[in-house]
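**Student:**
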Amino acid sequence: MKRPAIKIEVSQSFPWDTPCPLWLRICLQLLLTFSLANTMACNKGTDATASAAPSIATTPAPPAAAPPDTAPLPHIDAKRAFQYTREVAAFGARFMGSENHKKLERYILDHLKGDQTEDDAFTADTVEGKFPVRNIIAKFPGAKDGIIVILGHYDTNYPLRNTGYVGANDGGSSTAILLEFANQLRGGLHDKKRAGYSVWLVWTDGEEAVKTWTDTDSLYGTRHLAEKWEKDGTLKKIKALIVMDMIGDADLNIERDTNSAPWLLDLIYAAAERGGYQSHFYARQGPFEDDHLPFVKHGVPSADVIDLDYGYNNVFHHTPQDTMDKLSPKSLEIVGDTILETIHMLDQR
Ligand SMILES: [Zn+2]
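Going by this note's numbering, the final residue of the sequence shown carries number 357, and the count climbs one at a time with no gaps.
1. If S181 sits next to I255, beta carbons under 8 Å apart, how far is it from one beta carbon to the other, in whole angstroms?
2. Could you pull out every unbroken beta strand (DSSP E) segment of at least 3 residues lying fully inside the segment 292-353, listed in chain order?
3. Determine the closest residue to E215 out of R202, V251, K200, with distance taken between C-alpha atoms.
4. Can you tell me whether R357 is helix, strand or coil according to DSSP?
5. Report all residues from its chain with a CB closer than 8 Å to the CB of I155; omit the five preceding and five following residues, and keep chain order.
6. Excluding the five sequence neighbours on either side, which residues of its own chain have a C-beta within less than 7 Å of the C-beta of T346, listed in chain order?
7. Where do the N-terminal and C-terminal ends of the beta strand (DSSP E) with T78 fall, by residue?
8. Please report the distance separating the alpha-carbon of G172 from that of T164.
9. Take the Cβ of P309 as the centre, count every other Cβ of all protein chains shown within 10 Å, and call the residue buried at 16 or more, exposed below.
10. So the candidates are L187, Q329, E263; which of them puts its Cα closest to the Cα of K7?
11. Applying the 10 Å Cβ sphere with the 16-neighbour rule, what's the burial state of H161?
12. So, with DSSP's three-state summary, where would you put A89?
13. Taking three-plus beta-carbon pairs below 8 Å as touching, is the segment 125-137 in contact with the segment 226-243?
14. Compute the distance between the beta-carbons of K200 and D257, then report whether it is under 8 Å.
15. To the nearest angstrom, how far is the alpha carbon of R357 from that of I145?
16. When we look at the beta-carbon of T350 and count the other beta-carbons within 10 Å, is it buried (16 or more) or exposed?
17. So, at 7 Å on beta carbons, what are the nonlocal neighbours of S339 in its own chain, with the 5 sequence-adjacent residues on each side left out?
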C-alpha cells in the first residue's frame with residue numbers, strides 16, 4: 009500500500025482562519041449567517057489543508073439506507089483472528105521468494121484443508137530481479153450466479169527485509185482476517201453451497217513494491233490475476249470485490265477511498281451501522297492505491313478497506329514498529345463483522 013499522493017482539496021475551515029481584509033471578514037460573516045458558508049471561499053490560493061495525509065471530511069458521507077434486514081448480525085471469532093495475526097507476524101519478514109514466505113504459504117494452505125483452493129502462480133520480473141509470486145484462492149460456492157471476491161495481501165515489504173520488520177498490521181492482519189472469513193464461510197455451508205453468491209477469498213502476493221512504488225513496481229499479484237480473470241471471463245461475474253489492508257490498528261479509522269465504487273463504500277457503511285461500528289469509518293477520505301486498482305481499471309465494482317492512519321501521522325506504517333502491540337482483536341472484529349454483513353447485504357441484492 010502506498011501513501012496517498014498529495015492532494016489539495018478546497019478547505020472547509022472557516023474563512024477567518026486565513027488572513028483576510030476586515031471588510032471581507034465582515035462580509036463573509038454576514039454571508040455565513042445566511043447559510044452560504046459552504047459556497048464561499050476566502051481561501052483562494054491558500055493550501056492550509058494540503059498535506060500528505062488524506063483530507064479530513066468534516067461532513068460525513070451520507071450513509072446508504074440499509075435494506076430491511078432481520079437476520080442476526082454475523083460475528084467473527086476475533087480472538088482466533090488475532091491469534092492468526094500473531095502467528096503470521098511470528099514468521100518474520102515474508103517478502104516474495106523468501107523462506108518465511110514459503111512457510112506462510114504452507115500455513116495458509118494448512119488452514120484451508122478440505123476447502124476448494126486454487127493457485128495463481130507466476131514469475132514476476134522486477135527491478136530487483138525475478139521473484140516467484142503466488143496468489144492463493146479459496147472458493148466457497150453459492151447458489152446465486154455471481155462472485156463476491158475478498159482479497160488481502162500476505163507478502164511483506166521487500167526493502168525492509170533486513171530491518172526486523174514483521175508487518176503485523178501490513179500483511180499480517182489481512183492474512184489473518186481472510187483465514188477467519190474462511191472459517192465463517194465454511195461453517196455456514198450446511199449443504200455445501202451458500203444460499204447467496206459464491207465467495208472467493210484471495211491471499212494476494214507481491215502487493216508491495218520491491219523498490220519504490222510505481223505503476224509497474226507494485227501490485228504484482230493482482231495485476232496478474234486481473235489479466236487472467238479478464239481472459240477467462242471471471243471478471244464479468246464479479247458482483248463486488250473488497251480489499252482488506254491494515255485493518256488491525258487498535259485505533260481503527262477506515263478511510264473513504266475515492267478510487268473505490270461509491271455505492272459499495274456506502275453499503276459497507278450501512279453494514280457497519282448495523283453493528284454500531286460506523287464511527288470507525290470514513291472520517292477521512294482520499295485516493296488510495298492498493299490491490300483493488302487492477303480490478304477498478306477493468307471496471308469491476310471494488311472497494312479498499314484500509315486504515316492508513318497507523319499511529320500518529322501513520323508513523324508505524326512500513327517501519328519495524330509495525331508490531332502486535334499496536335493491534336487489537338476489537339478492530340479485527342469491527343472490520344470482520346462489517347464485511348461479513350456486507351456479504352450478506354450483497355447476497356440480498
Ligand atoms: Zn505495505
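Using N, Cα and C, we set each Cβ at its ideal position, and we do this for glycine too.
**Tutor:** In short, the structure shows the following:
1. The beta-carbon distance between S181 and I255, rounded to whole angstroms, is 5 Å. This is short enough to meet the 8 Å contact definition.
2. If we require 3 residues or more, the beta strand (DSSP E) runs fully inside the segment 292-353 come out as 310-314.
3. Proximity to E215 across R202, V251, K200 peaks at V251, based on C-alpha coordinates.
4. The answer is coil: DSSP assigns R357 none of H, G, I, E or B.
5. The answer, listed in chain order, is Y205, S206, V207, W208, T242, K245, I246, K247.
6. Result list for T346: I276, A279, A280, G283, Y285, in chain order.
7. Here T78 belongs to no beta strand (DSSP E), and DSSP marks it neither H nor E.
8. Spanning the two alpha carbons is a distance of roughly 12 Å.
9. P309 is buried by the Cβ-count criterion.
10. Residue 7 is absent from the model: the chain starts at 9 and stops at 357.
11. Buried is the label assigned to H161, since at least 16 other Cβ atoms lie within 10 Å of its Cβ.
12. Helix, per DSSP.
13. Two segments are said to touch when three or more pairs of C-beta atoms, one from each, lie closer than 8 Å; by this definition the segment 125-137 touches the segment 226-243.
14. Not in contact: K200 and D257 (Cβ atoms no closer than 8 Å).
15. Cα to Cα, the separation comes out at about 24 Å.
16. Under this definition T350 is a buried residue.
17. Closer than 7 Å at Cβ, skipping near neighbours: I255, G256, D257, A258, L260.
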